[in-house]
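Shown next, in structure tokens, is the structure this report addresses.
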Amino acid sequence: MIGMPELPEVETVRSVIEPQVRGRIVEEVKVLNERVVAYPDPETFRTRLTGRAIAGMDRRGKLLSFLLDGGDRLFLHLRMTGRLLAAPPSWPGEKHTHLILRLSDGNELRYIDPRRFGRFWYIARGEPTAITGFDALGPEPTDERLTAEYLKDRLAQCRRPIKEMLHDQTVIAGIGNIYSDEILFEARICPLRPCETLTEAEWRALAQTIPRLIRFEIEASRITPEEYLAGQGREYRNTPYLKVYGHAGEKCPRCGAALVRATVCGRTATWCPACQKAPD
DNA sequence: CTAGCTTCCTGATAGC
DNA sequence: TGCTATCAGGAAGCTA
50 MIGMPELPEV ETVRSVIEPQ VRGRIVEEVK VLNERVVAYP DPETFRTRLT GRAIAGMDRR
110 GKLLSFLLDG GDRLFLHLRM TGRLLAAPPS WPGEKHTHLI LRLSDGNELR YIDPRRFGRF
170 WYIARGEPTA ITGFDALGPE PTDERLTAEY LKDRLAQCRR PIKEMLHDQT VIAGIGNIYS
230 DEILFEARIC PLRPCETLTE AEWRALAQTI PRLIRFEIEA SRITPEEYLA GQGREYRNTP
290 YLKVYGHAGE KCPRCGAALV RATVCGRTAT WCPACQKAPD
């Protein structure tokens, strides 16, 4: 199944939703499923959020944040199947709608999430960010600090497979299983390779590929709010450009060999055995 | 510190 | 056709 939101998709959601919430006041907070509120307790969450004005939206890795008046912030992680939709109240309701914000323009901001892995956090100004790992998040893929030297410093002593380390949000923020496959394909590195075996040239290839690929995906998945709403907030993902993820058994777009699939540290990896040579 | 496993959760799909 | 089993995965939490 394709559709997990990673950084480029979260950025699409941010850019589409932001103009639909900026300047609006949260007039009512309906918590339909308390499980999606991670912090603080649901009642405090509801009380604090009610009446706040939304000044804008931001993103850090895969985390969305709503900037509120007074410097408070509402964070949201979509995890696997979370969806945001800004729509009039007459818009058809959906199963698995867990949270609704009634906005001052008459529209609703709805949070829909079949698997309920996604979470909200309300962090008041000056309050420590009660999101596990937030302070330890690594640089954005497009951050100029993400250099070959940085990657080498962080990973060159590590025996674990490079694919797994690309998912480590303290190394780089925002990469998941889809784009780690795509990045490794572009950089011609087998996902099974222990980090300690990567060459100088391969670290450079990674440092070059990561920002280029993520930038491309962000740009390629630009979409209008109308298109987003027409697809129920679902049809915005950039699957036409994926070269290996979801294409196991098909031909490598570079050399024609059959793409292979295997489980690497509990995740499905897809790669080209000819272009991305396995370790001995 | 790392490695490896489990948990959460439902929809899509494969197999019979 | 209809049932059941398996798989999908981000991140936390646990054990050794």
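Using this note's numbering, you'd call the opening residue of the first sequence number 50 and step up by one each time.
Every residue gets a Cβ at the ideal spot worked out from N, C-alpha and C, and that includes glycine.
The structure displayed is predicted, hence computed values, not measured ones.
Can you name, in chain order, every residue of its own chain whose Cβ lies under 7 angstroms from the Cβ of residue i, other than the five neighbours on each side?
{"i": "E76", "result": "R151, L152, S153"}
{"i": "A292", "result": "Correcting the residue type first, residue 292 is Lys in the shown sequence and not Ala. Closer than 7 angstroms at Cβ, skipping near neighbours: E231, F234, P302."}
If you draw a straight line from the C-alpha of residue i to the C-alpha of residue j, how long is it?
{"i": "M50", "j": "M214", "result": "Note that M50 has pLDDT 42, beneath the 50 cutoff, so the model's placement of it is unreliable and no number is given."}
{"i": "G298", "j": "A222", "result": "30 angstroms"}
{"i": "I263", "j": "A327", "result": "25 angstroms"}
{"i": "S114", "j": "I180", "result": "12 angstroms"}
{"i": "G280", "j": "L200", "result": "38 angstroms"}
{"i": "L195", "j": "P177", "result": "26 angstroms"}
{"i": "M129", "j": "E83", "result": "18 angstroms"}
{"i": "T61", "j": "S139", "result": "24 angstroms"}
{"i": "C244", "j": "R73", "result": "47 angstroms"}
{"i": "P163", "j": "G131", "result": "7 angstroms"}
{"i": "M106", "j": "D90", "result": "23 angstroms"}
Identify which residue in the options has its Cα closest to the Cα of residue i.
{"i": "G187", "options": "R203, T178, V62", "result": "R203"}
{"i": "E249", "options": "R194, K212, A205, L134", "result": "A205"}
{"i": "I103", "options": "E189, E92, V80, L158", "result": "L158"}
{"i": "T219", "options": "K111, K79, V78", "result": "K111"}
Less than 6 angstroms between C-beta atoms, sequence neighbours within five positions excluded: which residues of the same chain meet that for residue i?
{"i": "A197", "result": "W252, R253, A256"}
{"i": "R242", "result": "I211, P328"}
{"i": "L397", "result": "There is simply no residue 397 to check, as the chain begins at 50 and stops at 329 in what is shown."}
{"i": "E143", "result": "I161"}
{"i": "P137", "result": "N156"}
State buried or exposed for residue i, treating a residue as buried only when at least 16 other CB atoms are found within 10 Å of its CB.
{"i": "P376", "result": "This structure leaves residue 376 out entirely; the chain is present only between 50 and 329."}
{"i": "L56", "result": "buried"}
{"i": "P141", "result": "exposed"}
What does a CB cutoff of less than 8 angstroms around residue i pick up in its chain, not counting 5 residues either side in sequence?
{"i": "P68", "result": "P274"}
{"i": "T146", "result": "L81, R159, Y160, I161"}
(message) Threshold first: 3 residues or longer. Then list the beta strand (DSSP E) segments lying entirely within the stretch 210-269, N to C.
(response) The DSSP assignment places no complete beta strand (DSSP E) segment of no fewer than 3 residues inside the stretch 210-269.
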